[in-house]
Amino acid sequence: MIAKNREIPLTVQKLEALLRRLPPNHPRQQQIYRDLTKRKAGYHGEESLDIHLDELSENKYFIFHDLALSNGKYNFQIDTLLLSTSFALLIEVKNISGTLHFDRTFNQLVRTFNDKEQGFRDPISQARRQQREFQSWMENRNLPPIPAEYLVVISNPSTVIKLKSGYVREYEKICHSEHLLDKIKEFEQKHHKEFISPKEIKKLSRLLLKEHSPHNTNILKTYTIPKQDLLTGVHCPECFFLPISRKKGYWFCPSCRSQSKDAHIDALLDYFLLIKSSITNTEFRDFLHVPSRHTAKRILHSLDLPSEGEKKARIYYPMKS
Numbered sequence: 001m002i003a004k005n006r007e008i009p010l011t012v013q014k015l016e017a018l019l020r021r022l023p024p025n026h027p028r029q030q031q032i033y034r035d036l037t038k039r040k041a042g043y044h045g046e047e048s049l050d051i052h053l054d055e056l057s058e059n060k061y062f063i064f065h066d067l068a069l070s071n072g073k074y075n076f077q078i079d080t081l082l083l084s085t086s087f088a089l090l091i092e093v094k095n096i097s098g099t100l101h102f103d104r105t106f107n108q109l110v111r112t113f114n115d116k117e118q119g120f121r122d123p124i125s126q127a128r129r130q131q132r133e134f135q136s137w138m139e140n141r142n143l144p145p146i147p148a149e150y151l152v153v154i155s156n157p158s159t160v161i162k163l164k165s166g167y168v169r170e171y172e173k174i175c176h177s178e179h180l181l182d183k184i185k186e187f188e189q190k191h192h193k194e195f196i197s198p199k200e201i202k203k204l205s206r207l208l209l210k211e212h213s214p215h216n217t218n219i220l221k222t223y224t225i226p227k228q229d230l231l232t233g234v235h236c237p238e239c240f241f242l243p244i245s246r247k248k249g250y251w252f253c254p255s256c257r258s259q260s261k262d263a264h265i266d267a268l269l270d271y272f273l274l275i276k277s278s279i280t281n282t283e284f285r286d287f288l289h290v291p292s293r294h295t296a297k298r299i300l301h302s303l304d305l306p307s308e309g310e311k312k313a314r315i316y317y318p319m320k321s
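Following this line, the structure appears as structure tokens:
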């Protein structure tokens, strides 16, 4: 069963919001666009696994997508975790095209594409490290010592995988996505003993979901972009003109002359993604170009956001998902 659904990564959402809010000629725009393209490719690669995982027995595995846990000092992220009563499987997904050379001498991945070579972090070492972190996480909570396996899955079916002869163990830890189920069957044959009961696995599942803590990076700090560089206001939902103006009860676009009742929602989400995870009436008016304090108050109240404080000191927070 799917214990944790796959969601669009928070960093992808932040990068998309950042591109919406930067002037077209901003010096960081191209770099941000390239980084967004890479992260979206990785996300789509993870998505492509779902069609194969759907074939697994619903009652046999608990499946967690994009799970982020803390070891006390920093977070470690697992693309997909399969949990059964006999073993756990950590899957690291790579959506990389071309020819991949896994260099075990220097622990790196070299991609050859269009006659050009490019180096990447070694995904095998990365997956092995996540395995150790997960086992440590289990031990620190006095949980059953369930065997933890790891696997690197290449989601692009046209990608060529190359390893030097003799690296048998490495071949066992890499596969294309269409061979994922075969690999899982091999692990099932390897692990017969039940290490955790069905009741305990449900308890563990609840704990994993409770301790899931995705890294909420400050995207402006990452790219050293001052807040003043951001374009403020509300985008037109139809033609994306910025900024549109607030009339009596609706937003009006002077470019395409369309009207919208709720165009402010996307602007508020951009604020939460880029600036901070709370907003005051004054901050709302400044970012969305709302001249009236009373109008801003009515809009914020209509969204039924979590809040604290009274009157001018009231602070509003994003709706929890």
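In UniProt numbering, the protein residues as written are 1 to 321.
Cβ atoms here follow ideal geometry from the backbone N, Cα and C, with glycine treated the same way.
Margin query: Could you give the first and the last residue of the continuous alpha helix (DSSP H) run that contains Gly42?
Written below: Residue 42 sits at position 42 when you count from the first residue of the sequence shown. Per DSSP, Gly42 belongs to the alpha helix (DSSP H) from Gln29 to Glu47.
Notebook entry, point to check: Should the region 245 to 259 be regarded as contacting the region 224 to 232, the criterion being three or more beta carbon pairs within less than 8 Å?
Noted result: no
Note to self: Could you check whether His301 and Gln67 sit closer than 8 Å to each other, using their CB atoms as the reference points?
What the structure shows: Mapped onto the sequence shown, residue 67 falls at position 67. Mapped onto the sequence shown, residue 301 falls at position 301. Correcting the residue type first, residue 67 is Leu in the shown sequence and not Gln. It is not a contact, given that the beta carbons lie outside the stated cut-off.
Check: How would you write the range of the alpha helix (DSSP H) that Asp304 sits in, first residue to last?
Finding: Position 304 of the sequence shown holds residue 304. First-last for Asp304: undefined, no H or E at that position.
Check: How should Phe287 be labelled, buried or exposed, when 16 other C-beta atoms within 10 angstroms of its C-beta is the threshold for buried?
Finding: Translated into the one-based positions of the sequence shown, residue 287 becomes position 287. Residue burial annotation: Phe287 is buried, with at least 16 other C-beta atoms found within 10 angstroms of its C-beta.
Margin query: Using CA atoms only, rank isn't needed, just tell me which of Ser125, Gln126, Ile124 and Gly98 is closest to Glu117.
Written below: Residue numbering aside, residue 117 sits at position 117 when the sequence shown is read from its first letter. It is Gly98.
Notebook entry, point to check: At a Cβ threshold of 8 Å, is Gln31 touching chain B?
Noted result: Of the chains in the structure shown, none is chain B; there is only one protein chain.
Notebook entry, point to check: From which residue to which residue does the alpha helix (DSSP H) around Ala127 run?
Noted result: Within the sequence shown, the letter at position 127 stands for residue 127. Segment Pro123 to Asn140, the alpha helix (DSSP H) holding Ala127.
Check: Which ranges would you report for the alpha helix (DSSP H) in the region 195 to 257 if only whole runs of at least 4 residues count?
Finding: 198 to 211 and 219 to 222
Notebook entry, point to check: Quick one: what's got a C-beta closer than 6 Å to Ile2's C-beta in the same chain, skipping five residues either side?
Noted result: Mapped onto the sequence shown, residue 2 falls at position 2. Answer for Ile2: Ile63, listed in chain order.
Checklist line | Stretch pair the region 235 to 244 + the region 35 to 52: three plus CB contacts closer than 8 Å | finding: no
Notebook entry, point to check: What does a CB cutoff of less than 8 Å around Ser125 pick up in its chain, not counting 5 residues either side in sequence?
Noted result: What you label residue 125 is simply residue 125 of the sequence shown in a count that begins at 1. Excluding sequence neighbours, Ser125 sits near Asn107.
Item checked: the region 43 to 56 / the region 178 to 196 touching (three or more Cβ pairs under 8 Å) -> By the criterion of at least three beta-carbon pairs nearer than 8 Å, the region 43 to 56 is in contact with the region 178 to 196.
Item checked: Burial state of Cys256 (16 or more Cβ within 10 Å) -> For this step, residue 256 is matched to residue 256 along the sequence shown. Counting Cβ neighbours within 10 Å, Cys256 comes out exposed, since fewer than 16 surround it.
Item checked: Where Arg123 falls, given that 16 or more other Cβ within 10 Å makes a residue buried -> Here residue 123 refers to the residue found at position 123 of the sequence shown. Looking at the sequence itself, residue 123 is Pro, so the reference to Arg does not match. Per the 10 Å Cβ criterion, buried.
Next item on the list: Within the same chain, show all residues whose beta-carbon is closer than 8 Å to that of Pro198, passing over the 5 residues directly before and after it, in chain order.
Entry: Your numbering for residue 198 matches position 198 in the sequence shown. Cβ within range, chain order: Thr85.
Notebook entry, point to check: So, Pro147 versus His192, is the Cβ gap smaller than 8 Å?
Noted result: To locate residue 147, count along the sequence shown from 1; it is residue 147. To locate residue 192, count along the sequence shown from 1; it is residue 192. Not in contact: Pro147 and His192 (Cβ atoms no closer than 8 Å).
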